[in-house]
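Asker: One structure, pasted below without further comment.
In this note's numbering, the protein residues as written are 6 to 252.
In structure tokens:
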């Protein structure tokens with residue numbers, strides 16, 4: 006069955022659908038030996054030879070869902086042209102290829118989900134899924150009560166107001182700690198929101214995605230989500246019944 010190329014690349018765990026579109030526009034995807042650069046181009050994974058950067062892509066043997074405790078100093082990508090450490094280097098012992106769901110920037114740490122299930126990844130990242138991501142954040146000063154209220158309502162960033170957010174002080178000190186909850190994930194969003202009020206973020210750690218908690222995972226360690234966790238995510242995200250399980 007023919008499908009859009011970006012959907013195929015996402016489905017087999019190459020990258021997210023949005024980044025797949027970029028790969029196509031950059032001329033890094035070929036079908037049966039021909040470079041494809043047009044959006045909307047289709048192919049059949051069963052019968053066509055589809056390559057990314059010259060490597061033939063194949064259906065994954067099974068769907069994988071991974072929780073990783075990302076340390077500071079790693080890039081949330083599978084390859085970095087600048088040669089910085091990537092989260093792929095932490096996935097030792099994993100035979101199937103997976104990619105990060107969303108991002109944690111270089112200076113941030115905490116819970117990162119990786120998968121080769123493109124549909125799942127797209128749902129987790131979509132703001133309309135209303136999946137709450139929870140962070141603890143250390144800043145260079147307290148927000149006033151008025152600023153806290155505005156933070157919760159949303160602040161203008163790059164001409165667009167952020168979605169309503171959760172904000173709660175958890176440690177009141179000179180450089181306080183806040184708990185922040187978001188349903189969207191713009192690049193560096195939390196850092197930019199605090200910067201809007203003249204505060205810098207010193208530390209940022211994601212501790213929860215939806216119901217899934219970072220728990221006892223040590224920095225740099227990962228684990229597979231268990232079948233109950235996968236099933237719960239799929240119910241919340243209103244995905245079809247799972248046809249393959251994580252290993």
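Here a beta-carbon is modelled for each residue, glycine too, at the ideal position from N, C-alpha and C.
What are the boundary residues of the beta strand (DSSP E) that residue 201 is part of?
Answerer: Here residue 201 corresponds to residue number 196 of the chain shown, with the count starting at 1. Segment 194-201 is the alpha helix (DSSP H) holding residue 201; no beta strand (DSSP E) there.
Asker: Can you give the Cα-Cα distance for residue 196 and residue 44, rounded to whole angstroms?
Answerer: Along the chain shown, read from residue 1 onward, the residue named residue 196 stands at position 191. Along the chain shown, read from residue 1 onward, the residue named residue 44 stands at position 39. About 33 Å.
Asker: Less than 8 Å separating the beta-carbons of residue 34 and residue 57?
Answerer: As a first step, residue 34 must be located in the chain shown, where it is residue number 29. As a first step, residue 57 must be located in the chain shown, where it is residue number 52. Cβ distance < 8 Å, so residue 34 and residue 57 count as in contact.
Asker: According to the Cβ coordinates, are residue 210 and residue 115 closer than 8 Å?
Answerer: Walking along the chain shown from the start, residue 210 turns up at place 205. Walking along the chain shown from the start, residue 115 turns up at place 110. Taking C-beta atoms as the reference points, residue 210 and residue 115 count as a pair closer than 8 Å.
Asker: Within a Cβ cutoff of 8 Å, which residues of the same chain sit near residue 177, ignoring the five residues on either side of it in sequence?
Answerer: Along the chain shown, read from residue 1 onward, the residue named residue 177 stands at position 172. The answer, listed in chain order, is 147.
Asker: Where do the ends of the alpha helix (DSSP H) carrying residue 174 lie?
Answerer: Within the chain shown, numbered from 1, the residue matching residue 174 stands at position 169. Per DSSP, residue 174 lies in no alpha helix (DSSP H) segment; the continuous beta strand (DSSP E) that holds it begins and ends at 171-176.
Asker: Taking only the alpha-carbon atoms, compute the straight-line gap between residue 167 and residue 135 and give it to the nearest angstrom.
Answerer: Position 162 of the chain shown holds residue 167. Position 130 of the chain shown holds residue 135. Straight-line Cα distance between these residues: approximately 14 Å.
Asker: Using the DSSP secondary-structure output, state which residues sit across from residue 82 in a beta bridge.
Answerer: Looking up residue 82 in the chain shown gives position 77. Per the DSSP secondary-structure output, residue 82 pairs with nothing in a beta bridge.
Asker: Rounded to the nearest angstrom, what separates residue 93 and residue 111 at their Cα positions?
Answerer: Locating residue 93 in the chain shown gives position 88, where the first residue counts as 1. Locating residue 111 in the chain shown gives position 106, where the first residue counts as 1. Using only the alpha carbons, I get a separation of about 14 Å.
Asker: Identify whether residue 181 lies in helix, strand or coil by the three-state DSSP scheme.
Answerer: For the purposes of this step, residue 181 is taken as the residue at position 176 of the chain shown. Assigned with DSSP and collapsed to three states, residue 181 falls in coil, not helix or strand.
Asker: Tell whether a beta-carbon distance below 8 Å holds between residue 122 and residue 70.
Answerer: The residue labelled residue 122 in the question sits at position 117 within the chain shown. The residue labelled residue 70 in the question sits at position 65 within the chain shown. Contact check for residue 122 against residue 70 passes: the beta carbons are separated by less than 8 Å.
Asker: Quick one: is residue 105 buried, meaning 16 or more other Cβ sit within 10 Å of its Cβ, or exposed?
Answerer: By 1-based counting over the chain shown, the position of residue 105 is 100. That one is buried.
Asker: Can you give the Cα-Cα distance for residue 97 and residue 226, rounded to whole angstroms?
Answerer: Here the question's residue 97 lines up with position 92 in the chain shown. Here the question's residue 226 lines up with position 221 in the chain shown. Straight-line Cα distance between these residues: approximately 9 Å.
Asker: If you drop the 5 nearest sequence neighbours on each side, which residues of the same chain put their C-beta closer than 8 Å to that of residue 30?
Answerer: Counting from 1 along the chain shown, the entry for residue 30 is found at position 25. The answer, listed in chain order, is 42, 44.
Asker: Determine the closest residue to residue 95 out of 22, 117, 86, 107, with distance taken between C-alpha atoms.
Answerer: Walking along the chain shown from the start, residue 95 turns up at place 90. That would be 117, whose Cα lies nearest to the Cα of residue 95.
Asker: How long is the line joining the alpha carbons of residue 200 and residue 224, rounded to whole angstroms?
Answerer: The residue given as residue 200 occupies position 195 in the chain shown. The residue given as residue 224 occupies position 219 in the chain shown. Each residue's CA atom was taken as its position, placing residue 200 and residue 224 some 27 Å apart.
Asker: For residue 8, which beta-bridge partners are listed by DSSP?
Answerer: Walking along the chain shown from the start, residue 8 turns up at place 3. Answer by DSSP bridge pairing, in chain order: 48.
Asker: Buried or exposed for residue 251, going by 16 or more other Cβ atoms inside 10 Å?
Answerer: Against the chain shown, residue 251 aligns to sequence position 246. At residue 251, the pLDDT of 41 sits below 50, so the modelled position is not reliable and the matter cannot be decided from this model.
Asker: For residue 35, which three-state DSSP category applies?
Answerer: Taking the first residue of the chain shown as 1, we reach residue 35 at position 30. Here residue 35 sits in strand by DSSP.
Asker: Inspect the beta-carbon positions of residue 47 and residue 9 and report whether they are closer than 8 Å.
Answerer: Residue 47 sits at position 42 when you count from the first residue of the chain shown. Residue 9 sits at position 4 when you count from the first residue of the chain shown. Yes.
Asker: In the DSSP assignment, the alpha helix (DSSP H) including residue 151 goes from what residue to what residue?
Answerer: As a first step, residue 151 must be located in the chain shown, where it is residue number 146. For residue 151, the enclosing alpha helix (DSSP H) starts and ends at 150-158.
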